[in-house]
Amino acid sequence: GPLKSRIIGGHEAVPHSRPYMATLKGEDEFVCGGFLVDPQWVMTAAHCMDGILEVPLMCRGVVEGIVFFSDQVPTGLYSRIADFLPWIKHIMGSDV
458 GPLKSRIIGG
468 HEAVPHSRPY
478 MATLKGEDEF
488 VCGGFLVDPQ
498 WVMTAAHCMD
508 GILEVPLMCR
518 GVVEGIVFFS
528 DQVPTGLYSR
538 IADFLPWIKH
548 IMGSDV
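Counting from 1 along the sequence shown, just add 457 to a position and that's the residue number in our numbering.
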């Protein structure tokens with residue numbers, strides 16, 4: 458997508474080299490990525506929460522053994538959205 462082209466000088470991450478990364482899934486589909494700020498808290502972009510406030514989210518991360526989205530690891534870490542700051546669509550500056 459258009460945001461992918463903004464990654465300059467990036468490189469593919471080595472498996473398990475970013476243990477703080479997480480993936481958020483809802484209703485068996487990828488929602489967004491995020492990162493652990495504490496063992497029980499994940500931060501993600503505000504636009505990821507648009508329209509899914511009522512959907513239970515499952516958070517999986519490298520700390521649980523996942524490296525690829527297709528990896529089979531035990532599920533069960535469900536979370537609810539505690540709070541998020543309002544954001545204005547189409548203005549990326551307020552998207553965290």
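Even glycine gets a Cβ: it sits at the ideal position worked out from N, Cα and C.
{"Item": "Determine the direct distance from the alpha carbon of G490 to that of P476, and round the result to whole angstroms.", "Value": "13 angstroms"}
{"Item": "Return the residue from the list D495, P496 and A479 that minimises the CA-CA distance to V488.", "Value": "A479"}
{"Item": "Tell me which residues share the same chain as D495 and place their Cβ nearer than 6 angstroms to its Cβ, disregarding the 5 neighbours each side in the sequence.", "Value": "none"}
{"Item": "Would you mind working out which of L481, Q497, D485 and E486 sits nearest A503, comparing C-alpha positions?", "Value": "L481"}
{"Item": "Just reading off the beta strand (DSSP E) that V471 is part of, what are its end residues?", "Value": "V471 -> no beta strand (DSSP E), and no H or E assigned at all."}
{"Item": "Note down the Cα distance separating M500 from L493, rounded to an integer number of angstroms.", "Value": "6 angstroms"}
{"Item": "Identify whether S502 lies in helix, strand or coil by the three-state DSSP scheme.", "Value": "With the sequence shown as reference, residue 502 is identified as Ala, and Ser is not the correct amino acid for it. Coil."}
{"Item": "So, with DSSP's three-state summary, where would you put E484?", "Value": "coil"}
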